Each structure stands twice: as C-alpha cells, then as structure tokens.
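Q:
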C-alpha cells in the first residue's frame, strides 16, 4: 500500500499531531474522503500498521500488515482478508493488558460486555511473507475515524459501540459517569467506552464527524446524542436547554451536553439512535404510509397521523 499520494484514493483525514493549525480553537474541517493517510512507523506497545480508508457515507478501512503484525476487530466487522491472514477469536479485547490467564481474559470480556460490545474479539495476524491486507466495515452509515492514541494522550473516551478495530496492543475498558444527572440524561448512560494505548484505533460514528479543540475553560453545548468522543481532560456534564416552552416544543429535550476544555472532542451529525427512531416511527405508522409529505396538510398531516 502506497504511503504517498494515490490517484485512486478517496479519503483525507485529520492532520498529524503536532502539525501547524491555521485556525486554532475553531471548527476543524469535516472529515471528508480525498486521500490516504500516511505515517512513519515507530516502535511502541501496539503494532504500527498501515491503512487506507475508502468510501464516503459507507466506508471501510483496509489495513496492511507486515509478517507477524496483527489487528483486532469487533466481531462481525470483517469484509475481506488475504489468505495469508489468519483469524483467531479470543475472549476479551485481545490486548493482553489485563495479564495472562483466564481471569485476565474474563476481566477484559466483562468490560466489553458492560459497554455493549461482544464478549469476543477477533485477532487477524499475518502469518505469511510480504504484505497482506484485511478490511473492516462499520455496521451503520457514517464515518470511520482513525486516531493514534499516543497523539491524544494515550486515552480516548467514546460512546458505546464506537470501537471498530485497532492495532493489536490497544486495550478497551470502561469509563464511569459519576454525575447522576449526566448518566441519566446525557445520552450515553453511566458507562462509556475507554480506549488506551499508543497505537492506531478506528472508531465508527454516525453521519459526518467534526473535530473541535477546546481551550481551557471554553464550553461547547451539544445535543446529548451527538457527543461521539472526547479526551479525558474534557469535562462532560449537562446544562438546561432553556425555558419550559423550549424544553417541551423545541425538540432538543431538557438538556444539552456541556463540554468544557481543555481537550479535543468529536461530534457526530447523525447518532444511530436518532436514525433508528425515525425509521421505527415511519415503519410503525400505518404500515409506513406517510400522510403529511406531499399532501395539502403538510406537517399537520404528520401530527394527525402520529408521525411526529
């Protein structure tokens, strides 16, 4: 896999850590596909893999492995692999960070279970010579975001079910939300997913994704379902969405998520829960018949028909 510009590539990702920024503390460019990511290999705990992300709304990541290198993926994420890549299903996250033996694997599996993931992960190892490739895809429309954990301080806190795949050596744990109100109404529950290590991890988010870097004390108010991930230095709690009328009729709920810097946050435009809710509402409303769209009643027809 070429590490330079490639005429057939169609993905461009975030600038490498340490690169100069033209406008700090402002919205970064949307994560849009144009060219492959490239990086120099370096020693670390996790395998240093090469990869390319392809597609736009329906993306997949193609990982290139050297002999002996491994990638760990969520169960069911595989799209295809070269014959030289072996596949092993393991109990837990496959990182070995909890230590050897059954109890270490059981601890890792338990952490995955409470974050909504499967008890098992699949390890893909290149057992041959030369280069070999394996590809993984997200189960829902959206963006696959590659992050080098050592460039964000070694830890990322993200929504449940965000993990797609990673270089072997990245460990998956849990982050507890200590504030009761945030846990109840924050959109993510009391438990979020925590990814630790120094290698590449690939997380899946709904719709388009925006990265925002917050200065110390800077606040951002976000719809509770649109908080995709943030670094541990970011403070996450709730703030009221406004008056009673705004809370009831504004369509945004009672609270916004309040993110306070310093640190980085990632915001998704279409949470899967929102998409699933709209699909369920459409499917359960009179066999999927839409009375409002295209009728003289317009939105009133939706209200009468129970679509809103």
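Residue numbers (our numbering): 5 to 312.
Ideal Cβ positions, reconstructed from N, Cα and C, are used throughout, including at glycine.
Note that the coordinates shown come from a computational prediction; the quantities given were computed from them, not determined experimentally.
#1: For residue 158, which of helix, strand or coil comes out of DSSP?
#2: Please look up how many angstroms separate the CB atoms of residue 160 and residue 94, rounded, as I've assumed it's under 8 Å.
#3: What residue range does the alpha helix (DSSP H) around residue 62 cover?
#4: Taking the alpha carbon of residue 133 as the point to measure from, which residue in 58, 287 and 71 has its own alpha carbon closest?
#5: Below 6 Å, is the gap between the Cβ of residue 123 and the nearest heavy atom of the ligand SAH?
#6: DSSP puts residue 150 in a beta bridge; with which residues?
#7: If we call anything under 7 Å between Cβ atoms a contact, is residue 77 one with residue 126?
#8: Give a yes or no on whether the minimum CB-CB distance between residue 233 and chain B is below 7 Å.
#9: By the 10 Å Cβ neighbour count, where 16 or more other Cβ atoms means buried, how is residue 270 classified, buried or exposed?
#10: Quick check on this structure: which residue in 162, 147, 145 and 146 has the alpha carbon closest to the alpha carbon of residue 153?
#11: Helix or strand or just coil, what does DSSP make of residue 274?
#12: Can you tell which of 236, 245 and 263 has its C-alpha closest to the C-alpha of residue 157?
#13: In this structure, does DSSP put residue 229 in helix, strand or coil?
#14: Could you have a look at residue 142 and say whether DSSP puts it in helix, strand or coil?
#15: Since residue 129 sits in a beta bridge, which residues does DSSP pair it with?
#16: Using only the alpha-carbon positions, how far apart do residue 217 and residue 264 sit?
#17: Just checking my contact of residue 149 with residue 83 at CB under 8 Å: how many whole Å lie between their CB atoms?
#18: In chain order, what residues of the same chain have a beta carbon less than 6 Å from the beta carbon of residue 239, not counting five sequence neighbours either side?
#19: Report all residues from its chain with a CB closer than 7 Å to the CB of residue 266; omit the five preceding and five following residues, and keep chain order.
A: Well, looking at it:
#1: coil
#2: That belief does not hold up - the Cβ atoms of residue 160 and residue 94 are roughly 22 Å apart, past 8 Å.
#3: Neither: residue 62 is in no alpha helix (DSSP H) and is coded neither H nor E.
#4: 71
#5: Among the ligands in the structure shown, none appear at all, so the ligand SAH cannot be discussed.
#6: 206
#7: With a cutoff of 7 Å on beta-carbon distance, residue 77 and residue 126 are scored as near each other.
#8: In summary, chain B is missing from the structure at hand, where a single protein chain is found.
#9: buried
#10: By alpha-carbon distance to residue 153, the top candidate from 162, 147, 145 and 146 is 162.
#11: coil
#12: 236
#13: helix
#14: coil
#15: DSSP output for residue 129 lists 74 and 90 as bridge partner(s).
#16: 10 Å
#17: Actually they do not touch by this definition, with Cβ atoms about 18 Å apart.
#18: 264
#19: 218, 219, 220 and 237
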